[in-house]
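Residue numbering for the sequence shown follows numbering that gives the first Met the number 0, starting at 0 and increasing by one per position.
Ideal Cβ positions, reconstructed from N, Cα and C, are used throughout, including at glycine.
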Amino acid sequence: MTIVLILLIAVVMVASASATLVVTRRRHPGIELEPPPAPPAPPTTPTPPPPIEQAPEAPPEAEITPEQVAELEAALQEPEVAPAPEPPAPAPEAPPVRPRFRDRLGKARSLFAGYVGSVRSRGKINEETWEDIEEALIRADVGVDTTTALLDDLRTKVRTDHITEPEALLDALKADLIDRLGAQDGQRELRYDDTVTPNVWLFVGVNGVGKTTTIGKLGLRAKAEGHEVLMAAADTFRAAAADQLELWAKRVGADLVRGAEGGDPGAVVFDAKERAAARHTDLILADTAGRLHTKVNLMEELKKVRRVAERPPGQVTEVLLVIDATTGQNGLVQAKEFAAAVGVTGIVLTKLDGTAKGGIAVAIQTELGLPIKLVGLGEAPEDLVDFDEHEFVDALFG
Ligand SMILES: Nc1nc2c(ncn2[C@@H]2O[C@H](COP(=O)(O)OP(=O)(O)O)[C@@H](O)[C@H]2O)c(=O)[nH]1
Ligand SMILES: [Mg+2]
0 MTIVLILLIA
10 VVMVASASAT
20 LVVTRRRHPG
30 IELEPPPAPP
40 APPTTPTPPP
50 PIEQAPEAPP
60 EAEITPEQVA
70 ELEAALQEPE
80 VAPAPEPPAP
90 APEAPPVRPR
100 FRDRLGKARS
110 LFAGYVGSVR
120 SRGKINEETW
130 EDIEEALIRA
140 DVGVDTTTAL
150 LDDLRTKVRT
160 DHITEPEALL
170 DALKADLIDR
180 LGAQDGQREL
190 RYDDTVTPNV
200 WLFVGVNGVG
210 KTTTIGKLGL
220 RAKAEGHEVL
230 MAAADTFRAA
240 AADQLELWAK
250 RVGADLVRGA
260 EGGDPGAVVF
270 DAKERAAARH
280 TDLILADTAG
290 RLHTKVNLME
300 ELKKVRRVAE
310 RPPGQVTEVL
320 LVIDATTGQN
330 GLVQAKEFAA
340 AVGVTGIVLT
350 KLDGTAKGGI
360 AVAIQTELGL
370 PIKLVGLGEA
380 PEDLVDFDEH
390 EFVDALFG
């Protein structure tokens, strides 16, 4: 009996162990099992599987159908468009910085620097000193007449003020230049009469000097100052000229009046005035075609444009002659002719940043008494700045 009982217990134990083994194998095929723990658990509660450290085996590779291949190829050819990344927040635009004369008058500064250095290096004033000064002024486009006048003044000062040092001589020259370039109070400002509507500013000059660009830059400034601006494309020689002004008008947010190519520029100015008066636009910037001051018929046409612009409503408050500073002494001849024909009220001296030598500013102001109101120190809108004789002369001698 006891033997039968022992046998029975043994059979039960063996059966339970093999059952556990089968269950574990089914759940984790491929896992090497450790020898069954002793004592064996009761047959009803199977031993929990050992913690899995390995990833389960990958399922058998599925076969790829031709449709899937085609789909994949299409996906490769047409890469999924990734959603556009959020555009970076625009960096706050730095306010345009007004350029400094000394940074832009490159050519003029280097020309003067050589002579000034040479005058200083001598330690005394002698004949070579005077030659240096004369050569510097002539080469800087100041012109013979103004140079002679400047030298006469300087010799007188040397005598009366007992100047013996080169440095003091240079200071006297600077003071004289500033004096000649100086305008009377208020003469330098752009003339605007707020009792008339509209004010007309007429821009005249030879080809390519920067008339249209100056109108654009000035338009931005006038708008910022609160004026309502209308641009009149009275340069009817080429359609492209009116197109160029139209671009500026859009940028400025100004009204624009243009005529047919080859049309009457006077008619454009007439229309512009009517429109400005009807819309209470207070400032008309009128572009005109570039013309050689030597062409009599073209200068006559300009006179007519000015006469039309003078008629009411409104009034011409500025006739600005735009001169390219790099043309040197010829700028003086242009100024004389335009002044005689249409009564220039001020000068805009452009491209002082280029190869200009700057002296033409002295000649125009001295010989014609025409105030230089604005100067162009580059192509950007902020590069059109008010003329300042102190800054200009300091830049030349800096
Ligand atoms: N560097 C420089 N270029 C200028 C200046 N003013 C105008 N320009 C350039 O001169 C060229 C002729 O200007 P534009 O206004 O068309 O001359 P317009 O024929 O008199 O109307 C353009 O390329 C302008 O950008 C300036 O002060 N400096
Ligand atoms: Mg133009």
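Check                                                                                                               : Outcome
Residues with C-beta closer than 7 Å to any heavy atom of ligand 2, in chain order                                  : Lys-210, Thr-211, Asp-234, Ala-240, Gln-243, Asp-286 and Gly-289
Ligand 1 heavy atom lying under 7 Å from the CB of Asp-352                                                          : yes
Cβ neighbours of Pro-370 in the same chain (closer than 6 Å, five flanking residues each side left out)             : Ala-182, Gln-186, Arg-187 and Gly-345
Inter-residue CB distance, Pro-165 and Gly-122 (contact presumed, cutoff 8 Å)                                       : 7 Å
The segment 260-274 touching the segment 211-227, judged by at least three CB pairs closer than 8 Å                 : no
Close-in-space but distant-in-sequence residues of the same chain around Ala-241 (CB under 6 Å, 5 per side omitted) : Ala-232 and Arg-257
Ligand 1 heavy atom lying under 7 Å from the CB of Asn-206                                                          : yes
Residue range of the beta strand (DSSP E) that includes Gln-328                                                     : No beta strand (DSSP E) contains Gln-328, which DSSP labels as neither H nor E.
Distance, Val-374 Cα to Ala-277 Cα                                                                                  : 33 Å
With 16 other Cβ atoms within 10 Å as the buried cut-off, status of Ala-155                                         : Residue identity check: residue 155 is Thr in the sequence provided, not Ala. Exposed is the call here.
Cβ-based burial, Leu-246 [other Cβ within 10 Å; buried from 16]                                                     : exposed
Expected contact under 8 Å - CB spacing of Ala-271 and Lys-222 to nearest Å                                         : The pair is not a contact, with the Cβ atoms about 17 Å apart (cut-off 8 Å).
Close-in-space but distant-in-sequence residues of the same chain around Thr-145 (CB under 7 Å, 5 per side omitted) : Val-361, Ala-362, Thr-365 and Glu-366
Reference Pro-312; option with closest CA among Ala-339, Asp-175, His-279 and Trp-129                               : His-279
Continuous alpha helix (DSSP H) assignments of at least 4 residues falling wholly in the segment 268-338            : 295-309
The alpha helix (DSSP H) enclosing Asp-385, as first and last residue numbers                                       : It is not in any alpha helix (DSSP H) - Asp-385 instead sits in the beta strand (DSSP E) that spans 383-385.
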